[in-house]
Every structure is written in structure tokens, then in C-alpha cells.
Amino acid sequence: MSDLTVLEASIVEAMDPVFVKKTLSELPFYQIQGMLNVRALPLPPTSGKRGLVLRSAETNHITALGKTQLTQQLNVTKIFDLRSDKERAKFGPDPLDIPGVEIVCIPAMATPQTDDLKTTFARFGGRGDDGFVDFYREVLESGVSAYKAIFEFLRDEVADGKGCLMHCTGGKDRTGVAAMLILDLIGVPDEEIVKDYALTRVGCEPMREMMTGRFSSLLLDPEVGEATISALSCKPSFMRATLKMLREEYGGAAGYLKDRLGFSAEDVAKIIDNLTSKEA
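Residue 1196 in the numbering used here sits at position 149 of the sequence shown, and the numbers go up by one each step.
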């Protein structure tokens, strides 16, 4: 998919069902029963770890078959839930009975997204890329513990062929920032990082009605309706602008890992080698 314009579709507008079905049936997407927006990060084509670093929307509706698919098909041994405790209580926790899988719950935001959503979404109104750059900067600052845990896994466990899954609610923002950091660190081209981010729009299409229903009062609110639509979007330009901010303010993902997460140069080199090595 070279033209990402189709992924700019508003969350209140249905996407072409033929396009959605075809896209979701192909890599990087995986069909895991009871889960949505499950896909592998686009590690380099020569990497032996392709398919071991995954992202998704919330996991609380996964079925027994889905659990088996996660562990046996995708080799997932650890799930990182980036939602707040309030979100887990309101929308459902991760399943606790997946054999061989550790659930790590570390919020990536200081303020739960369930608190005063009207104010949270209002910040995106009429601000375009800038609204998301400011938001993702906050996520980078407040998500230090969560992102450090993910990169510790990539340093210590993925080399052994163990896989991980990162998720928040829709798998767009907090998960998208984690994916951006991983992909920027290992030198994935910008447009691949942008595409990985924007694919959330088609990944979430099967849950579009559920999402619009969950936020219906805000979508219908004349004060924040348009801002809410923007907040639920994942336009390519949002990620392009965020990558620019990451490099200018943090020295890229490598600088963020060293200065904010406390990793040494040797740690960073090991993570990069683990994710780019041809060895499976």
C-alpha cells in the first residue's frame, strides 16, 4: 500500500468493506479470535525476529482459541497492557489465564484517559499535527516505566525467540508511541513507521461502531464533536510530525532510551542487534 490517503478516513465514516477484508487478511495483520487490530511491527525483512513484536487493541474479549493462537502461532510470552487501572476496570481487564504468558500492566499515561474526556479531546480541536505532537510528547514523558519494561524485554528475552504483544485500548496512541520508538531505533524508514501507525485506521474498522458508541456523547457535543473525531484519527501526518519532534527534542529513539529510560550504549546496541539479526 503506497498511497496512505485511504487511511485518513474519519472514524465516523465506514471504510470500503472489500478493502478492509483484503487488508486484514494479509500481513502484517493476524486474525486472533476475540481480538482486533493485531499486527506485527515491520522489522527489517532480513530480521529473524519478524512476527515476534506485536501490537493490538484491548485483549479483554479474547477467546480460548485466540489464546492458543497467541501462544502457539505467535509465540507470545508477555503482554504489555499500557492502559490505566481505571480503563481496565471500566472496559475490562486482560485475561489472566493464558498459559505461559505474563501480563504486565504499566500505564503509559499519568492521567487516565477516562478522566474528563471532554477536556482531553478538546485539546485536539483545530490543532492538526500540533495537537498530536504535544500529546505524544506527554506520553513519552509519562510512559517511561512502561516503555522501559518493553525495551528490557527486547534486550533480554526476544533473542530467545520469545514474542511480546503491546496494547492499549484501540492500539493507536500509547501503543503507537512504543512502536515508533522501536522502529526508529532500528532504522526502519520513516514511511514504514508512518504506515505502521496509520494502519490502525483499518485495523480498528471492525470496532468502529463500538468506538463511536463508546464516545457518542462527545461526538454529538457541538463543542468537541470535531475535536473528538480528530482525537480518534491516525493520519500519517501526525506520525511524521511526531518523528520530527522525537529527533529534535530527544535525539531520536536512541537518545530517548539513553536519556529518559536509562539504558547504556551497550544496552541499546544489544536491542538493535536482537531485532535486526538474521538469527531466529
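Cβ atoms here follow ideal geometry from the backbone N, Cα and C, with glycine treated the same way.
The continuous alpha helix (DSSP H) containing residue 1071 extends over residues 1064 to 1071.
With at least 16 other beta carbons inside 10 angstroms of its own, residue 1223 counts as buried. Residue 1124: member of the beta strand (DSSP E) spanning 1123 to 1128, first to last residue. In the DSSP assignment, residue 1315 falls within the alpha helix (DSSP H) that extends over 1312 to 1323. According to DSSP, residue pairing for residue 1102 in a beta bridge involves 1086 and 1213. Annotation: residue 1064 to residue 1227 spans about 28 angstroms, alpha carbon to alpha carbon. Counting C-beta pairs with one atom in each stretch, the region 1252 to 1267 and the region 1164 to 1173 have three or more that are closer than 8 angstroms, which means they touch. Considering only 1291, 1072, 1310 and 1254, the residue with the shortest C-alpha distance to residue 1238 is 1291. Here the region 1191 to 1202 does not lie against the region 1110 to 1117, with fewer than 3 beta-carbon pairs under 8 angstroms apart.
Scanning the region 1128 to 1201 from its first residue to its last, the whole alpha helix (DSSP H) runs of 4-plus residues come out as 1132 to 1138, 1164 to 1169 and 1175 to 1189. Under the three-pair Cβ rule at 8 angstroms, the region 1247 to 1255 counts as touching the region 1071 to 1089. The beta-bridge partner set that DSSP reports for residue 1076 consists of 1086. In the structure shown, the three-state DSSP call for residue 1204 is coil. Under the three-state reduction of DSSP, residue 1280 is assigned to coil, being neither helix nor strand.
Boundaries of the alpha helix (DSSP H) harbouring residue 1250: 1247 to 1250, taken from the DSSP string. By the criterion of a C-beta distance shorter than 7 angstroms, residue 1095 is surrounded in its chain by 1324, 1325, 1326 and 1327, once the five residues flanking it on both sides are discounted.
DSSP, read as helix, strand or coil, puts residue 1243 in helix. Straight-line spacing of the CA atoms in residue 1276 and residue 1091 works out to 33 angstroms. Residue environment: residue 1073 is assigned as exposed (fewer than 16 neighbouring CB atoms within 10 Å of its CB, all protein chains considered). The Cβ atoms of residue 1220 and residue 1230 do not sit closer than 9 angstroms to each other.
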